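Okay, structure first, notes after.
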């Protein structure tokens with residue numbers, strides 16, 4: 001377990017707050033943990049860059065062995081392609097209005113894969129492809145847990161969509177699924193069961209396509225919890241996961257990381273107190289932490305985040321219990337701290353671990369990446385669509 | 386009541402989704418509604434630009450009669466000062482580490498006012514002012530409802546802080562309070578009572594300062610609900626409010642606006658369905674809507690937002706009932722809609738009214754401002770700190 005105990009604290013003290021801080025050794029630990037697991041399981045790994053939206057982070061993932069990336073917007077695809085990544089899966093259902101942007105990327109040399117789960121969209125893709133002479137690489141989204149989009153493995157629509165694509169001249173690239181419901185569990189047994197359901201469902205869909213004489217080279221599954229819980233990945237060719245790169249309190253509650261693996265935090269300054277209530281007021285409100293309250297229904301509710309000292313070590317029992325736009329309310333969980341003013345004087349720098357790294361990161365235009373020796377580096381982050 | 390029925394729908398159809406759309410006639414209606422009320426009550430009005438973070442919006446507020454603005458970050462102060470606004474209140478408690486940025490703004494000619502509620506910060510302000518030869522204009526934050534920061538009107542600390550500032554050479558500019566707890570009520574009587582508590586508490590603090598021989602020219606109060614509910618504002622010199630400029634579903638539940646006054650919405654495209662569940666999947670997930678679930682505990686829970694047609698008219702009973710990062714789940718509130726595919730075919734453009742305009746706006750780098758005739762204008766929005 002890499003530690004950041006010896007990070008240059010002086011350099012953190014010069015940052016304006018609130019600031020999003022990446023603990024680079026922890027991030028690299030997380031990247032290597034996931035990549036080595038994927039290598040052991042014998043599958044390719046395609047990280048979802050929607051978590052970081054940051055080319056420096058994606059480069060570290062690719063340097064560690066990732067083959068291509070997953071994106072959540074076409075703006076991400078364009079940004080990461082500009083940075084040299086060519087193998088990109090846009091993992092949100094394609095619609096006609098977004099095909100021109102997808103075409104533009106492919107014409108520039110991007111090996112962009114797109115996704116569909118309906119005959120209507122498949123028809124739009126092949127019609128547009130025919131009109132512009134483009135052979136789109138299309139994957140069919142499979143629903144293995146009922147949480148969002150996709151065609152269930154046994155549905156007739158699976159073959160209908162596949163035939164529209166295949167007969168319409170598109171490349172039928174494979175099937176993909178995402179077991180987002182894995183976030184709802186917190187035992188190894190339950191996570192392993194969701195992972196097996198995700199694997200088996202996606203493999204079954206691929207088998208149905210192949211049995212019908214249709215191509216299905218790729219079988220792509222993944223979420224951070226299932227990627228870390230799967231007992232085996234027989235029949236799967238690649239895995240996708242996003243939040244593992246930073247982890248967060250939601251993932252900690254799910255049980256797939258320790259708090260010592262959380263690589264993203266928000267640096268904040270104590271700006272006041274309500275001493276009688278045991279509150280310190282910090283300059284990280286919901287604009288900095290995001291409104292994500294993902295731990296609210298989990299086994300432990302961390303409010304708007306776990307309070308840490310500037311060196312990243314946890315202050316047990318202290319969380320952000322409330323948040324206004326630019327004000328966070330820091331308090332002790334069980335009973336008010338009568339010594340709150342002395343414990344956290346005005347001007348104290350603290351770091352807050354977030355509930356959900358994808359949501360918190362999105363509030364910031366850039367990260368400050370810290371390493372044991374040396375100044376923080378500024379890593380820009382993509383914003384918007 | 387201004388309507389947008391005759392907005393150019395063709396121009397909306399060319400926007401990439403998701404997109405943040407401002408209905409300009411509605412926004413101007415809201416601005417004039419609030420300004421005329423302030424004029425009638427005989428107070429100056431200082432809108433809080435944290436809601437829009439957009440110079441075009443602030444210009445409309447100033448054109449309508451606002452005297453100065455309120456900001457939530459020093460980055461906002463710098464941006465709006467660059468645009469020509471000089472009278473700016475930074476309404477978050479000042480700390481030593483932010484004084485250099487405040488000094489830089491004042492040295493450039495910005496009439497920046499800062500806020501404190503502690504002896505420690507007051508001492509830091511006067512020490513820094515003495516060191517750099519700057520006379521800061523400081524307002525004391527008053528706590529009139531216990532929801533966040535500030536000194537209660539009868540606390541000894543009020544005079545202690547005021548004397549540190551006054552004797553230390555700062556300009557004691559006044560007192561300010563924000564009754565954020567007003568968001569928790571939804572009857573005219575309760576809102577009027579919170580407004581009176583806010584007014585009376587802040588005036589009482591001013592009276593205590595003046596009785597002690599200390600200056601207190603400004604008495605500044607405000608929140609959108611209390612600004613709209615106050616029976617009178619005797620003793621108050623100025624009011625601040627932010628979200629009224631767009632309003633949102635939270636404010637609708639509070640009871641201070643109709644849905645016809647909501648000026649901000651998110652344009653989205655239907656990208657898929659789960660027909661058996663009665664779901665349409667749209668490309669506005671929580672990254673577009675924000676994670677704000679402010680209506681969850683109110684009298685009506687709108688999920689992640691109210692569904693509207695492209696012309697802005699409401700589709701009654703349909704909300705975003707769930708959200709992933711780039712996927713929204715649109716469903717009928719009471720029972721699944723068996724006709725969801727026909728009602729909202731793939732490619733359909735819809736607009737979603739947000740729970741909280743400040744949070745939803747923050748997810749976008751720019752707004753698309755629509756007027757009855759003509760193309761949407763792109764209005765940039767400030768992001769980060």
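Residue numbers (the working numbering), protein chains in the order written: chain A, 1 to 385; chain B, 386 to 770.
Ideal Cβ placement from N, Cα and C applies to all residues, glycine included.
Note that the coordinates shown come from a computational prediction; the quantities given were computed from them, not determined experimentally.
If we count the other Cβ atoms within 10 Å of its Cβ and call it buried at 16 or more, is residue i buried or exposed?
i                     : result
residue 276 (chain A) : exposed
residue 492 (chain B) : exposed
residue 677 (chain B) : buried
residue 763 (chain B) : exposed
residue 565 (chain B) : buried
residue 341 (chain B) : Here chain B covers residues 386 to 770 and nothing more, so residue 341 (chain B) does not appear.
residue 448 (chain B) : exposed
residue 40 (chain A)  : exposed
residue 701 (chain B) : exposed
residue 467 (chain B) : exposed
residue 225 (chain A) : buried
residue 584 (chain B) : buried
residue 462 (chain A) : Absent from the model: residue 462 (chain A). The displayed extent of chain A is 1 to 385, so no value can be given.
residue 476 (chain B) : buried
residue 311 (chain A) : exposed
residue 421 (chain B) : exposed
residue 538 (chain B) : buried
residue 386 (chain B) : Note that residue 386 (chain B) scores 39 on pLDDT, short of 50, meaning its location in the model is unreliable and no value can be drawn from it.
residue 47 (chain A)  : buried
Could you check whether the Cβ of residue i sits closer than 8 Å to any Cβ belonging to chain A?
i                     : result
residue 533 (chain B) : yes
residue 477 (chain B) : yes
residue 387 (chain B) : Residue placement at residue 387 (chain B) cannot be trusted, given a pLDDT of 43 that sits under 50; the coordinates are not used to answer.
residue 566 (chain B) : no
residue 758 (chain B) : no
residue 642 (chain B) : no
residue 395 (chain B) : no
residue 765 (chain B) : no
residue 541 (chain B) : no
residue 458 (chain B) : yes
In the DSSP assignment, the beta strand (DSSP E) including residue i goes from what residue to what residue?
i                     : result
residue 177 (chain A) : 171 to 177
residue 94 (chain A)  : First-last for residue 94 (chain A): undefined, no H or E at that position.
residue 114 (chain A) : 111 to 116
residue 657 (chain B) : 649 to 659
residue 214 (chain A) : Where residue 214 (chain A) is concerned, there is no enclosing beta strand (DSSP E), given that its DSSP letter is neither H nor E.
residue 331 (chain A) : 328 to 332
residue 751 (chain B) : 751 to 755
residue 142 (chain A) : 137 to 142
residue 358 (chain A) : It is not in any beta strand (DSSP E) - residue 358 (chain A) instead sits in the alpha helix (DSSP H) that spans 357 to 361.
residue 765 (chain B) : 762 to 765
residue 611 (chain B) : Where residue 611 (chain B) is concerned, there is no enclosing beta strand (DSSP E), although the alpha helix (DSSP H) it sits in stretches over 609 to 614.
residue 728 (chain B) : Counting along the chain, residue 728 (chain B) falls outside any beta strand (DSSP E), though it belongs to the alpha helix (DSSP H) covering 725 to 728.
Does any residue of chain B bring its CB to less than 8 Å from the CB of residue i?
i                     : result
residue 281 (chain A) : yes
residue 324 (chain A) : yes
residue 62 (chain A)  : no
residue 175 (chain A) : no
residue 364 (chain A) : yes
residue 291 (chain A) : yes
residue 56 (chain A)  : no
residue 96 (chain A)  : yes
residue 387 (chain A) : This structure cannot settle anything about residue 387 (chain A), because the visible part of chain A is limited to 1 through 385.
residue 120 (chain A) : yes
residue 6 (chain A)   : Note on residue 6 (chain A): pLDDT 48, under 50, position unreliable in the model; the coordinate value appears next. For residue 6 (chain A), the answer is no, since every Cβ of chain B falls outside 8 Å of its Cβ.
Could you check where the alpha helix (DSSP H) with residue i kicks off and where it finishes?
i                     : result
residue 669 (chain B) : Unbroken run through residue 669 (chain B): none, as it is neither H nor E.
residue 507 (chain B) : 504 to 517
residue 541 (chain B) : 541 to 552
Please confirm whether any heavy atom of the ligand SAM lies closer than 7 Å to the CB of residue i.
i                     : result
residue 106 (chain A) : In the structure on display, the ligand SAM does not appear, and there are no ligands present to speak of.
Looking at C-beta atoms only, is the number of pairs between the stretch 669 to 679 of chain B and the stretch 708 to 722 of chain B that lie closer than 8 Å three or more? yes
Under 8 Å, with one C-beta from each stretch per pair, do the stretch 592 to 603 of chain B and the stretch 634 to 644 of chain B reach the 3-pair mark? no
contact_flag[the stretch 536 to 551 of chain B, the stretch 596 to 613 of chain B] where n(CB pairs < 8 Å) is 3 or more: yes
What beta strand (DSSP E) runs, 3 residues minimum, are completely inside the stretch 33 to 75 of chain A? 69 to 71
Taking contact to mean 3 or more Cβ pairs, one atom from each stretch, closer than 8 Å, check whether the stretch 44 to 54 of chain A and the stretch 340 to 347 of chain A are in contact. no
Does the stretch 237 to 250 of chain A come into contact with the stretch 438 to 450 of chain B, if we say contact requires no fewer than three beta-carbon pairs (one atom in each stretch) closer than 8 Å? no
Any chance the stretch 400 to 418 of chain B sits against the stretch 750 to 757 of chain B, with 3 or more Cβ pairs inside 8 Å? yes
For the stretch 345 to 365 of chain A against the stretch 263 to 283 of chain A, do three or more pairs of beta-carbon atoms, one drawn from each stretch, fall closer than 8 Å, so that the two count as touching? yes
So does the stretch 503 to 523 of chain B actually touch the stretch 550 to 558 of chain B, counting three or more Cβ pairs closer than 8 Å? yes
Could you tell me whether the stretch 447 to 464 of chain B touches the stretch 483 to 491 of chain B, using the rule of 3 or more Cβ pairs below 8 Å? yes
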